[in-house]
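Visitor: Here the protein sequences come in this chain order: E and U.
With numbering that gives the first Met the number 0 applied, the first sequence corresponds to residues 0 to 335, in that order.
With numbering that gives the first Met the number 0 applied, the second sequence corresponds to residues 0 to 335, in that order.
All residues carry an ideal CB built from backbone N, CA and C; glycine is no exception.
2 protein chains.
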Amino acid sequence: MDSINIRQLAVELNLSVGTVSKALKDSYEISAETKRRVTEMALRLNYIPNPYASSLRRRKSKTIAVVIPEVADSFFSLAINGIDAVARNKGYHVLIYLTHESFEREQTILNECKSGRIDGLLISVTKETTDYQHICDLQQNGVPIVAFDRVAEDVNIAKVTTNDFESGYLAASHLIEKGCKRIAYLSLSKNLSITNQRMEGYRQALVNYSIAMNENDTVFCTMDDAGNQQLIEDLLSQSNHPDGIIISVEKLILPVYDACHNLNLSIPSKVKVISFCNLPSARILNPSLTTITQPAFEMGETAAELLFKGLEKRNFILKEESMTIPSILNERESTL
Amino acid sequence: MDSINIRQLAVELNLSVGTVSKALKDSYEISAETKRRVTEMALRLNYIPNPYASSLRRRKSKTIAVVIPEVADSFFSLAINGIDAVARNKGYHVLIYLTHESFEREQTILNECKSGRIDGLLISVTKETTDYQHICDLQQNGVPIVAFDRVAEDVNIAKVTTNDFESGYLAASHLIEKGCKRIAYLSLSKNLSITNQRMEGYRQALVNYSIAMNENDTVFCTMDDAGNQQLIEDLLSQSNHPDGIIISVEKLILPVYDACHNLNLSIPSKVKVISFCNLPSARILNPSLTTITQPAFEMGETAAELLFKGLEKRNFILKEESMTIPSILNERESTL
DNA sequence: CTGAAAGCGCTAACAA
DNA sequence: TTGTTAGCGCTTTCAG
């Protein structure tokens with residue numbers, strides 16, 4: 000029934016516990032013959048070491064935490080795949096925590112991470128997060144941290160991002176080159192560095208192309224789906240409504256399509272639409288959607304790799320690392 | 000820097016470690032005044048108990064594992080949300096393991112779960128899984144298990160599923176009622192009970208409606224995207240090709256749409272399409288897709304709730320539990 | 001090369 | 001009501 004422990008294994012082998020422990024770790028102190036006997040017996044009895052005993056003693060858990068807003072978004076799904084791939088490869092375990100965009104929850108989780116439960120943390124912050132004390136605290140506590148995608152700009156932690164500013168610029172200039180004269184930008188939050196960067200890129204493009212910028216054309220959506228729908232319909236109901244829309248987060252695609260449908264504004268002839276999006280189905284939407292695709296898998300992977308460097312290499316100053324992986328524009332019918 | 004431990008907390012309070020421990024657990028043995036002092040000081044010093052020390056001693060980890068094929072599928076994304084919601088509520092931690100449809104990996108992971116790392120397991124098996132010994136072993140080992148969605152049919156473990164047979168029947172009869180005369184069924188695996196159940200439902204419908212059944216119209220796809228695309232194009236290139244398709248898993252939607260596009264077969268006039276699918280974007284595809292939507296969030300939630308009953312209630316015979324939550328048909332243009 | 005023993009931080013039985 | 005103490009299973013000095 001219950002798993003065998005190292006003591007029983009030692010008894011079975013007529014060896015001391017210490018010797019068995021060292022043999023299993025392939026220590027240089029142990030003779031080849033003994034190692035062979037030990038590993039063989041361990042296998043035969045299906046000995047599985049208790050990770051918590053080991054963690055307690057070594058003060059290492061071989062576990063990392065991934066703290067993200069939610070998983071029902073193709074970016075994070077893909078990122079988790081990337082993280083899992085490298086964690087698995089390194090023999091680490093992955094704890095997942097969803098904040099559901101609640102800053103308070105994020106704080107609680109990070110505080111709990113000081114317990115020694117985890118060796119490192121990957122985080123993509125809440126859209127409410129403006130104060131980064133909880134992250135700094137944890138880092139002070141000796142837990143290596145890598146922020147990815149939604150990072151804190153002015154905090155000294157390792158970061159993995161995509162080229163948000165350039166992508167915002169690219170999105171806007173793409174619309175402009177397709178003939179748009181008035182371009183709206185849909186954001187999710189005033190705090191989120193990534194949507195802000197994208198917004199800055201968008202604004203810069205307007206300036207460079209000498210297009211008028213209207214403050215009201217930057218719309219900040221909320222968590223309330225019905226409300227967002229309304230905001231967008233209001234935007235598009237104006238007599239002189241925008242003829243181009245940049246959607247900065249995937250979840251706003253549906254309300255935009257719905258709004259255009261409800262208002263009888265055909266895409267792309269009346270309104271051209273481009274979205275930051277990792278949905279494989281973007282290609283088969285009606286109309287197919289021009290997207291800026293983030294390298295989600297690679298970002299998860301890179302963030303994890305960076306974290307493990309910080310975990311495994313001494314003298315590696317993790318918090319000064321920073322990496323940018325470019326996004327890609329996929330041109331489709333919605334901006335034809 | 001390093002977190003404070005219970006001993007230091009005790010010293011600070013001029014109490015014994017045991018007393019402090021009990022006070023923190025709100026034990027009846029401890030006076031109200033002492034409890035107050037202890038919790039206050041614990042808060043002041045930001046005392047965070049070491050979970051591994053506690054786990055080692057109590058032989059409970061307040062951690063569950065979720066083992067699934069992958070997360071880049073909207074069903075599992077939603078299910079994780081459901082699981083996270085109840086785990087968080089119960090104060091449990093969630094370890095996530097992706098098998099990537101590899102049976103071997105699944106075995107390895109489940110074997111490792113015997114270590115005491117987890118108190119319970121939620122699993123959705125690989126499409127290669129035909130042998131369930133690893134699951135039974137783990138259960139024998141005293142780890143409560145709930146299988147969800149992709150379950151093992153003839154194994155004595157708790158199960159949370161949707162009404163796959165009925166849904167398959169429903170999908171087929173929907174197509175038949177829309178006028179289809181030859182209906183194909185796209186599956187992912189011969190082993191997967193859920194796709195088989197759906198297939199049985201489909202076949203039963205054909206029988207009931209006296210529609211001829213052609214063995215070649217049941218197509219088993221693989222992990223190879225290009226190959227799947229080819230299989231589907233082959234199916235639809237026949238002179239007398241099927242005029243209705245049931246897609247049993249989300250990831251086959253794209254190749255079907257692509258194949259129809261490549262072969263110039265318009266949906267729904269030439270081929271009607273219905274898919275098992277949880278994509279919010281199904282509504283805005285071109286054409287919008289008729290779907291059978293599984294209650295993904297609820298299934299994750301229910302599985303987790305069941306697991307916690309097994310974890311917390313004694314005399315609760317978890318492995319005899321079984322729950323079915325119905326799916327829903329959403330009629331759209333692809334079967335008009 | 002192997003063994004003995006201390007102790008990681010916490011809980012729980014037993015004593016006081 | 002509080003304190004003392006023996007471990008949980010493992011790793012790691014230090015001795016042999």
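1) Give me the chain E residues within the contact set of L77(U), using Cβ-Cβ distance strictly less than 9 angstroms, ordered along the chain.
2) Can you find at least 3 beta carbon pairs, one from the region 119-131 of chain U and one from the region 65-79 of chain U, that sit closer than 8 angstroms?
3) Can you round the beta-carbon distance between V93(E) and I63(E) to whole angstroms, since I take them to be within the 8 angstroms contact cut?
4) Could you tell me if L335(E) is buried or exposed, where buried requires 16 or more neighbouring beta carbons within 10 angstroms of its beta carbon?
5) Going by the DSSP bridge assignment, what does A9(U) pair with across the sheet?
6) Suppose only complete runs of 3+ residues qualify. What are the beta strand (DSSP E) ranges in the region 83-156 of chain E, listed by chain order?
7) If contact means a Cβ-Cβ distance below 9 angstroms, which residues of the region 77-99 of chain U contact chain E?
8) Is DSSP giving Y27(E) helix, strand or coil here?
9) Against S265(E), what residues of chain U qualify as contacts under a CB-to-CB distance less than 9 angstroms, listed in chain order?
10) So V270(U) and P241(U) are in contact, right, with Cβ under 8 angstroms, and what is the actual spacing, rounded?
11) Taking the beta strand (DSSP E) that L185(E) falls in, what are its first and last residues?
12) Looking only at DSSP bridge pairs, what is N329(E) linked to?
13) Residues of chain E with CB closer than 8 angstroms to the CB of P343(U), please, in chain order.
14) Listing by chain order, which chain U residues have their CB less than 8 angstroms from the CB of S2(E)?
15) I need the straight-line Cα distance from E127(U) to V154(U), nearest angstrom please.
16) Cα separation between R331(E) and L262(U)?
17) Do L185(E) and S247(E) come within 7 angstroms of each other at the CB atom, strictly closer than that value?
18) Assuming A78(U) and M298(U) make a contact with CB atoms under 8 angstroms, what is their CB distance in whole Å?
19) According to DSSP, is G178(E) helix, strand or coil?
20) For T301(E), tell me which candidate among K250(E), T160(E), L278(E) has the shortest Cα-Cα distance.
21) By the criterion of Cβ-Cβ separation under 9 angstroms, what are the contact partners of Y131(U) in chain E?
22) List the endpoints of the continuous beta strand (DSSP E) containing K318(U).
23) Specify, as a first and last residue, the run of the alpha helix (DSSP H) that V255(U) falls within.
24) By Cβ distance, which residues of its chain are closer than 8 angstroms to D357(E), with the 5 residues on each side in sequence left out?
25) Taking the alpha carbon of I324(U) as the point to measure from, which residue in E165(U), H260(U), K177(U) has its own alpha carbon closest?
26) Which residue or residues does DSSP assign as beta-bridge partners of T62(E)?
27) Output needed in chain order: residues of the region 182-216 of chain E with a Cβ under 7 angstroms from some Cβ in chain U.
28) Which residue comes first and which comes last in the beta strand (DSSP E) that contains S274(E)?
29) Could you compute how far the alpha carbon of M198(E) sits from the alpha carbon of D136(E)?
30) What residues in the region 249-281 of chain E have a beta carbon less than 9 angstroms from any beta carbon of chain U?
31) How about L251(U) and P143(U): do their beta carbons lie closer than 7 angstroms?
32) Can you list the residues of chain U that P286(E) reaches, using a CB-CB cut of under 9 angstroms?
33) Taking the alpha-carbon of L8(U) as reference, which of A31(U), L44(U), I29(U) has the nearest alpha-carbon?
34) Taking Cβ to Cβ, would you say Q203(U) is nearer than 7 angstroms to D163(U)?
35) To the nearest angstrom, how far is it from the Cα of R387(E) to the Cα of L253(U)?
36) Assess, as a yes-or-no matter, whether the region 18-26 of chain U is touched by the region 82-97 of chain E under the definition of 3 or more beta carbon pairs within less than 8 angstroms.
Guide: Taking the geometry as given:
1) Within 9 angstroms Cβ-Cβ: V70, A71.
2) For the pair of segments examined, the region 119-131 of chain U was found to touch the region 65-79 of chain U: the number of CB pairs separated by less than 8 angstroms reaches three.
3) The pair is a contact, with the Cβ atoms about 6 angstroms apart (cut-off 8 angstroms).
4) Here L335(E) is exposed, its C-beta having fewer than 16 other C-beta atoms within 10 Å.
5) None, per the DSSP bridge assignment.
6) As far as the region 83-156 of chain E is concerned, its whole beta strand (DSSP E) runs of at least 3 residues are 92-97, 119-122, 144-147.
7) The residues in question are L77, I79, N80, D83, A84, R87, H92, V93, L94, I95, Y96, L97, H99.
8) Per DSSP, reduced to three states, the secondary structure at Y27(E) is coil, with no helix or strand assignment.
9) Correct list: empty, because the minimum Cβ distance to chain U is about 13 angstroms.
10) About 7 angstroms separates the two Cβ atoms, so the contact holds.
11) That run of the beta strand (DSSP E) goes 182-186.
12) In the DSSP assignment, the residues bridged to N329(E) are T290(E).
13) No answer is possible for residue 343(U): the residues shown for chain U start at 0 and end at 335.
14) Residues of chain U passing the Cβ test: K113, S114, G115, N140.
15) Looking at the two C-alpha atoms, the distance is approximately 16 angstroms.
16) One C-alpha to the other measures close to 20 angstroms.
17) Their beta carbons are under 7 angstroms apart, which means S247(E) touches L185(E) by this criterion.
18) Sure, about 6 angstroms apart at Cβ, within 8 angstroms.
19) Three-state result, G178(E): coil.
20) Shortest Cα-Cα distance from T301(E) to any of K250(E), T160(E), L278(E) involves T160(E).
21) None at all; the shortest Cβ gap to chain E is about 18 angstroms.
22) No beta strand (DSSP E) holds K318(U); DSSP gives it neither H nor E.
23) Bounds of the alpha helix (DSSP H) holding V255(U) are 252-261.
24) Outside the modelled stretch of chain E, which goes from 0 to 335, sits residue 357(E), for which no answer is possible.
25) Among E165(U), H260(U), K177(U), the Cα nearest to that of I324(U) belongs to E165(U).
26) Residue pairing for T62(E): DSSP places it in a beta bridge opposite H92(E).
27) Legend: CB atoms of the region 182-216 of chain E lying less than 7 angstroms from CB atoms of chain U are not found in any residue.
28) From DSSP, the beta strand (DSSP E) with S274(E) extends over 271-275.
29) In this structure, the straight-line span from the alpha carbon of M198(E) to that of D136(E) is close to 30 angstroms.
30) Those residues of the region 249-281 of chain E that come within reach of chain U (Cβ to Cβ, closer than 9 angstroms) are K250, I252, L253, Y256, D257, H260, L278, P279, S280, A281.
31) No, the pair does not count as a contact, with Cβ atoms beyond the cut-off.
32) Listed along the chain, the chain U residues whose CB falls inside 9 angstroms of the CB of P286(E) are N285.
33) Residue L44(U) is the option with its Cα nearest to L8(U).
34) Inclusion of Q203(U) and D163(U) in the CB contact set at 7 angstroms is not warranted, their separation being larger than that value.
35) Outside the shown range of chain E (0 to 335) lies residue 387(E), about which nothing can therefore be said.
36) At 8 angstroms Cβ cutoff, the stretches do not touch.
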